[in-house]
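Residue numbers (the numbering used here): 2 to 306.
The C-beta atom is built at its ideal place from N, Cα and C for all residues, glycine as well.
Predicted, not measured: the structure shown is a model, and the values here were computed from it.
Worksheet for the structure shown next.
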Ligand code: CP
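Pasting the structure below:
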C-alpha cells in the first residue's frame, strides 16, 4: 500500500512515472476530457494547520477524478484532537471512512506515526518543518515544464531555509538528477540546519552557502524564494528580527538571466516585491496551478491506478 510520507522514499523511476502522469492529467484538464478513475472512492482531507493551495487542490483533484471528498479544516480545534485524541487514533478512524487520507499536521513526524497504524494510503500534506512531499513533486514538475529539463541547472533557495519543509522535499527529488548546483541564500539565523548540510555532503551534492541574495542571482536558472515561517518561531521577537532580511526586489530582476524563473511555494508575504509578479519570470502562480495536475497524479499513485 503506497503512502506518501517523505520525498526521500522515492526512486527516480517512480518520480519519472509521476511526472509523466502529471503531464497526462494536465493534458486531460486542458482538453476537458478527464477519465474519472477515482469514481466510487472517497478522499479525506484533514488539515490541522491552515492551507489554501494544498487542501483545495487536493479536493479539486479528487473531484475532477470522480471521487467524493470528506474534509476537516482547522482540525486542531474542529476535530476530536481538541479533546486529546492521538494522531494514531484519528488516522485509524479516517481509514475506516475513506480510501485515501490526506493530512497536514504541525508536528514533524506525525504522518510517520499515523502510517504505522493506517490501513489505507496516507498522504503527507506537510508535517511541521519536516516534509511537504506533494509540494516537492509540483515544484519538480514546474522546473521541468519551465526549463524542459531537470539536469545541469543552477538553483538558488532564498529566505527561511531553517524551517522550509518545501525545500526539504524538493532537494531529495532534485538530487536524483545530475549536474545541478544549489545555492543556499539566507541570513545565518535562517540557514540550512547543519545535519542537512552534512547529508548533502555525504551525497556528493554540489552547493554553496551565501549570506546575500544578490551575489548568486546572475548564475541562477531557478530562484526558489521561501517565506519566513512565523508559526515556527517560539518567540515572536526572533521572527521580527529576521522577517525583512531577505527580500527579492524589483531591482533584482535586472540581475536575473532572461530565461531564469522565480518560484515560491506560496503563501508569500513581503519576501517578493509586488511588482515582481508582473514579470514573466515570476512562475509562482503557474507553479501553484501545476499542483492540481500533480495531486491528481499522486492520488492515482497511492491507489495503484
Ligand atoms: N504551498 C502550500 O503548502 O500552500 P498552502 O499552505 O496554502 O497549502
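| Check | Outcome |
| --- | --- |
| Residue environment, residue 108, which counts as buried when at least 16 other CB atoms sit within 10 Å | exposed |
| Every unbroken beta strand (DSSP E) inside the region 61-102 [3 residues or more] | 69-73 |
| Pick from 239, 163 and 56 that is closest to residue 210, judged by C-alpha positions | 163 |
| Nearest-angstrom beta carbon gap, residue 275 and residue 247 [assumed within contact, 8 Å] | Not quite, the Cβ-Cβ distance comes to about 16 Å (not below 8 Å), so this is no contact. |
| Distance between beta carbons of residue 20 and residue 145, contact taken as under 8 Å | 6 Å |
| heavy atom of the ligand CP below 7 Å from residue 253 C-beta | no |
| Reference residue 306, options 6, 12, 7 and 18, closest by Cα | 18 |
| Range of the contiguous beta strand (DSSP E) that encloses residue 224 | 223-226 |
| Supposed contact pair residue 49 and residue 106 - C-beta distance, whole angstroms, cut 8 Å | 5 Å |
| Sheet register partners of residue 45 (DSSP bridge) | 71 and 102 |
| Rounded Cβ spacing between residue 249 and residue 273 (contact assumed at less than 8 Å) | 5 Å |
| Pairwise C-alpha distance: residue 76 and residue 67 | 25 Å |
| Secondary structure, beta strand (DSSP E): runs of 3+ residues fully inside the region 241-276 | 262-264 |
| 8 Å Cβ cutoff met for residue 149 and residue 187 | no |
| Residue 98 versus residue 7 - alpha carbon distance | 24 Å |
| Per DSSP, cross-strand counterpart(s) of residue 124 | 5 and 103 |
| DSSP bridge partner residues for residue 207 (one or two, in chain order) | 182 |
| Where the alpha helix (DSSP H) containing residue 158 begins and where it ends | It is not in any alpha helix (DSSP H) - residue 158 instead sits in the beta strand (DSSP E) that spans 155-159. |
| Residue 291: first and last residue of the uninterrupted alpha helix (DSSP H) it sits in | 285-303 |
| Close beta carbons around residue 233, own chain, < 7 Å, minus the five adjacent residues each side | 130 and 164 |
| Candidates 136, 88, 118 and 80, of which the one nearest residue 56 by Cα | 136 |
| Assigned exposure category for residue 288 - 16 Cβ within 10 Å defines buried | buried |
| 8 Å Cβ cutoff met for residue 174 and residue 181 | no |
| Helix, strand or coil at residue 230 according to DSSP, with G and I counted as helix | coil |
| Contact between the region 116-126 and the region 216-225 (3+ Cβ pairs under 8 Å) | no |
| Spatial distance of residue 301 from residue 157 (CA atoms) | 31 Å |
| Terminal residues of the alpha helix (DSSP H) in which residue 53 lies | Per DSSP, residue 53 belongs to no alpha helix (DSSP H) and is neither H nor E. |
| Residues that DSSP places opposite residue 132 in a beta bridge | 128 |
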